[in-house]
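Engineer: Converting from the sequence shown to the numbering used here requires adding 291 to each position, the first position being numbered 1. Here a beta-carbon is modelled for each residue, glycine too, at the ideal position from N, C-alpha and C. Please read through the structure below; I'll follow up with questions.
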Amino acid sequence: MTKKDRYRGLRAKPENFGVTPLNSGEATRVYRVRASETLLDRFGTMTAEERGHFIERAYALLDAAQGEG
């Protein structure tokens with residue numbers, strides 16, 4: 292039996308690496324963002340969940356601001 296055969300069908304559990312599986316309706320994407328270095332540094336210290344909440348709050352503020360105009 293080769294090493295490849297021995298590990299066939301096994302996969303890493305994301306939970307073991309501190310990764311939370313996505314909930315129904317959630318997605319993840321990679322984007323390039325152009326902003327100040329300070330903002331990007333701060334954004335980089337957030338967890339994926341914190342970034343998601345940040346984006347949701349920012350979107351709600353934009354939505355509210357557009358409704359006022």
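Comparing alpha-carbon positions, which option in M292, G309, K294, R297 lies nearest A339?
Structural biologist: Answer by Cα proximity: G309.
Engineer: Which of helix, strand or coil does DSSP assign to E340?
Structural biologist: helix
Engineer: E306 by DSSP, collapsed to three states: which one?
Structural biologist: helix
Engineer: By the three-class DSSP mapping on this structure, what secondary structure does T311 have?
Structural biologist: coil
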